[in-house]
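When the letters of the sequence shown are read in order and numbered with the working numbering, they come out as residues 189 to 609.
Every residue gets a Cβ at the ideal spot worked out from N, C-alpha and C, and that includes glycine.
What you are looking at is a predicted structure, and each value in this text was computed from that prediction instead of being measured.
See structure below.
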Amino acid sequence: MRFHADLHIHSKYSRACSKDSDLVQLTRWAKRKGVTLMGTGDFTHPEWFANLRGSLEADEPGLFRLREDIEADVDGDLAPSLAEARVRFMLSVEVATVYRRDGRTRKLHHLVHMPDFETAAAFNDRLGRVADLASDGRPTLGMDSRDLLAAALDSGGCLVPAHVWTPWFGLLGSKSGFDGVEECYGDLSDRVFALETGLSSDPEMNWRVSGLDRYRMVSYSDAHSPPMVARETTVFDTGLAYDAVLGALETGDGYVGTVEFFPEGGKYHLDGHRKCGVRLDPEETRKLGGRCPVCGRPLTVGVLSRTEDLADRPEGTPPPTAGDVEHLVPLPQIVSEIVGTGPKTKRVRTEVDRLTAELGPELAILESIPTGDIEPHSAPLAEAVARLREGKVIREAGFDGEFGTIRLFEPGELDDPELFD
Numbered sequence: 189m190r191f192h193a194d195l196h197i198h199s200k201y202s203r204a205c206s207k208d209s210d211l212v213q214l215t216r217w218a219k220r221k222g223v224t225l226m227g228t229g230d231f232t233h234p235e236w237f238a239n240l241r242g243s244l245e246a247d248e249p250g251l252f253r254l255r256e257d258i259e260a261d262v263d264g265d266l267a268p269s270l271a272e273a274r275v276r277f278m279l280s281v282e283v284a285t286v287y288r289r290d291g292r293t294r295k296l297h298h299l300v301h302m303p304d305f306e307t308a309a310a311f312n313d314r315l316g317r318v319a320d321l322a323s324d325g326r327p328t329l330g331m332d333s334r335d336l337l338a339a340a341l342d343s344g345g346c347l348v349p350a351h352v353w354t355p356w357f358g359l360l361g362s363k364s365g366f367d368g369v370e371e372c373y374g375d376l377s378d379r380v381f382a383l384e385t386g387l388s389s390d391p392e393m394n395w396r397v398s399g400l401d402r403y404r405m406v407s408y409s410d411a412h413s414p415p416m417v418a419r420e421t422t423v424f425d426t427g428l429a430y431d432a433v434l435g436a437l438e439t440g441d442g443y444v445g446t447v448e449f450f451p452e453g454g455k456y457h458l459d460g461h462r463k464c465g466v467r468l469d470p471e472e473t474r475k476l477g478g479r480c481p482v483c484g485r486p487l488t489v490g491v492l493s494r495t496e497d498l499a500d501r502p503e504g505t506p507p508p509t510a511g512d513v514e515h516l517v518p519l520p521q522i523v524s525e526i527v528g529t530g531p532k533t534k535r536v537r538t539e540v541d542r543l544t545a546e547l548g549p550e551l552a553i554l555e556s557i558p559t560g561d562i563e564p565h566s567a568p569l570a571e572a573v574a575r576l577r578e579g580k581v582i583r584e585a586g587f588d589g590e591f592g593t594i595r596l597f598e599p600g601e602l603d604d605p606e607l608f609d
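Written as structure tokens, this is what we have:
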């Protein structure tokens with residue numbers, strides 16, 4: 189069975205996350221997007237863990253689904269074609285570790301997955317001895333990353349390093365102090381078999397570093413609100429079971445690839461200093477000695493610079509572990525460009541609701557529905573999707589915490605009456 193998975197999301201119990209991030213809304217948006225397997229996020233938080241235990245029921249081995257009475261609330265305002273989809277959940281959490289090693293402070297984020305509530309409870313009990321798990325859905329621990337991996341393995345789960353290239357909390361980011369997985373996880377590094385690329389990176393960038401060849405690349409949304417679900421996904425062709433999904437990442441059997449942001453759209457693709465409005469490519473940063481040309485302070489060194497620092501081969505050399513890579517732009521962002529209002533406005537929401545009700549889930553519209561079938565519903569969208577599938581996009585890269593911009597049309601082009609004739 190071929191399906192999309194988004195295994196990195198957050199609940200309403202994580203800081204700076206939407207209060208709408210509950211199971212009903214997350215399931216509703218997964219159906220609208222076309223995601224079959226979701227992470228629960230935040231299972232270490234006591235209230236969210238209790239909510240999960242009370243609202244989910246066992247489904248396929250190691251996976252869960254909403255209780256039928258709750259799912260009825262999900263389907264109430266969805267088109268029948270969307271409501272009929274069934275969403276499963278895998279127990280997941282993002283954990284932050286902040287600790288000292290070799291005279292440096294290390295700040296890293298990790299994804300942890302568990303196959304059942306018993307193993308998750310054992311993991312929570314272990315972490316609860318060293319941290320206040322109720323303070324944040326993404327707990328922060330004063331624990332070495334190697335010891336967190338040991339705790340996950342001892343409890344019966346697995347760990348995937350999160351958004352590995354981001355400057356502040358990525359394993360390979362410019363602030364981490366690590367240049368490889370082995371440096372971070374030590375004697376247990378062979379138990380890590382996948383890496384999350386993050387929004388500012390994509391697999392092609394990772395392929396330039398031969399030391400990463402043994403790892404499967406995964407991409408997830410890191411959604412802080414339900415509408416952000418599926419902005420990146422990983423595609424599998426396996427049975428719907430915990431062991432099948434994790435086995436695909438470990439062995440490659442059933443791992444198809446990833447659906448990616450254009451990495452320029454991420455918040456940390458290029459180098460820069462947001463307060464001074466300075467955005468630089470890697471060569472410019474090196475010429476400036478890593479200092480802002482306006483204020484003289486250190487620049488935030490982004491993902492592109494960092495991958496070039498570690499790269500030991502040219503672009504275009506996929507390793508044997510590589511999967512398919514597809515770059516997409518979220519449907520609300522495309523509709524926003526077409527109608528000329530922000531992606532979170534009522535006008536955009538209404539148009540996206542209409543399109544998904546008439547055509548099907550968002551990922552199908554972007555990936556597979558023939559543009560000839562889209563055109564009667566929206567000629568501009570059909571043109572945008574055609575360009576997207578050909579990679580004909582206009583990119584303005586993000587930097588220092590500022591998202592980039594990916595556009596499908598030149599300024600004023602949508603006003604041309606001959607464009608859609």
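Rounded to a whole number of angstroms, what is the C-alpha to C-alpha distance between R402 and L458?
About 26 Å.
Every unbroken alpha helix (DSSP H) within the region 473-516, with a cutoff of 4 residues, ordered by chain
For the region 473-516, the continuous alpha helix (DSSP H) assignments of 4+ residues that do not extend past its boundaries occur at 491-498, in sequence order.
With a 10 Å radius around its C-beta and 16 neighbouring C-beta atoms as the bar for buried, classify D588 as buried or exposed.
By the neighbour-count rule (16 or more Cβ atoms within 10 Å), D588 is buried.
Proximity below 7 Å, CB of G511 to CB of Y443:
Taking 7 Å as the cut-off, the Cβ atoms of G511 and Y443 count as close.
Measure the beta-carbon distance from D208 to A418 and round it to whole angstroms, keeping in mind my assumption that it falls under 8 Å.
With a contact defined as Cβ atoms closer than 8 Å, D208 and A418 miss out at about 16 Å.
For A572, which of I594, T529 and D265 has the nearest alpha-carbon?
The option with the nearest alpha carbon to A572 is I594.
Under the rule that 16 or more other beta-carbon atoms within 10 Å means buried, what is R255, buried or exposed?
Classification of R255: exposed, given that the 10 Å Cβ count is below 16.
Taking the straight line between their C-alpha atoms, what separation do you get for L610 and P303?
Absent from the structure is residue 610, since the part of the chain shown begins at 189 and ends at 609.
Close Cβ partners of I557 (< 7 Å) along its chain, the five nearest in sequence each way excluded:
Within its own chain, the residues whose Cβ lies closer than 7 Å to the Cβ of I557, once the five positions on either side in sequence are excluded, are L547 and G548, listed in chain order.
State the CB to CB distance for the pair S170 and H196, rounded to an integer number of angstroms; the pair is presumed to be in contact (CB under 8 Å).
Residue 170 is absent from the model: the chain starts at 189 and stops at 609.
Under the three-state reduction of DSSP, which class applies to S280: helix, strand or coil?
Note: S280 maps to strand in three-state DSSP.
Ordered along the chain, which non-local residues of its own chain (more than five positions away) have a Cβ less than 6 Å from that of R292?
Within the same chain, R292 has close Cβ partners G365.
So what's K219 in DSSP terms, helix, strand or just coil?
Secondary structure of K219 (DSSP, three-state): helix.
Any idea what DSSP makes of V212, helix, strand or coil?
The answer is helix: DSSP assigns V212 an H, G or I state.
With DSSP run on the structure shown, which of helix, strand or coil describes E452?
Collapsing the DSSP output to three states places E452 in a helix.
If you check the beta carbons only, do A429 and E248 fall under 7 Å apart?
Taking a C-beta distance under 7 Å as the contact criterion, A429 and E248 qualify as a contact pair.
Rounded separation between R583 and G484 - CA only:
Computed Cα separation, rounded: 28 Å.
Straight-line gap, H297 to R276 (C-alpha atoms, nearest Å):
Using only the alpha carbons, I get a separation of about 24 Å.
Can you look up T151 in the DSSP assignment and give me helix, strand or coil?
No statement about residue 151 is possible, as the shown extent of the chain runs from 189 to 609 and does not include it.
Drop a sphere of 10 angstroms on the beta-carbon of V286, count the other beta-carbons inside from all chains shown, and report buried for 16 or more, exposed for fewer.
The Cβ neighbour count for V286, taken over all protein chains shown within 10 Å, is under 16; the residue is labelled exposed.
Assumed close pair A322, H198 - CB separation to whole angstroms, cut-off 8 Å:
Taking the Cβ atoms as the reference, A322 lies roughly 15 Å from H198, outside the contact range of under 8 Å.
Would you call the region 385-397 in contact with the region 517-528, where contact means no fewer than 3 C-beta pairs closer than 8 Å?
The region 385-397 vs the region 517-528: no contact.
Closest by C-alpha distance to H565, when choosing among T544, D375, R289 and G316:
Closest by alpha carbon: T544.
For the region 449-463 against the region 523-542, are there 3 or more C-beta pairs whose distance is under 8 Å?
In short, these stretches do not touch, since the Cβ pair count stays below three.
Quick check on T285: does DSSP put it in helix, strand or coil?
Of the three classes helix, strand and coil, the one that applies to T285 here is strand, per DSSP.
Alpha carbon to alpha carbon, how far is L468 from L569?
Approximately 33 Å between the Cα atoms of the pair.
What are the boundary residues of the beta strand (DSSP E) that L254 is part of?
Note, L254: beta strand (DSSP E), F252 to L254.
Thinking just about the alpha-carbon of each residue, which of D604, K455, R474 and I562 is nearest to the one in G592?
Residue K455 is the option with its Cα nearest to G592.
Could you spell out the range, first to last residue, of the beta strand (DSSP E) harbouring C346?
Run containing C346: C346 to P349, per the beta strand (DSSP E) assignment.
Comparing the C-beta of T422 with each C-beta of chain C, is any distance below 7 Å?
The structure shown contains no chain C, having only a single protein chain.
DSSP on G374, reduced to helix/strand/coil?
It is helical.
Is it a yes or a no for the region 340-353 touching the region 267-274, going by three-plus beta-carbon pairs under 8 Å?
The region 340-353 makes no contact with the region 267-274, as fewer than three CB pairs between them are under 8 Å.
How about S407 and M416: are their beta carbons less than 7 Å apart?
For S407 and M416, no; Cβs fall outside 7 Å.
Taking just the CA atoms, how far does R288 sit from D332?
For D332 and R288, the distance between alpha carbons rounds to 8 Å.
Span separating the alpha-carbon of E448 from that of G386
Counting only the Cα atoms, G386 lies some 9 Å from E448.
Have a look at the DSSP bridge pairing and note the partners of L458.
Looking at the DSSP assignment, L458 forms a beta bridge with F587.
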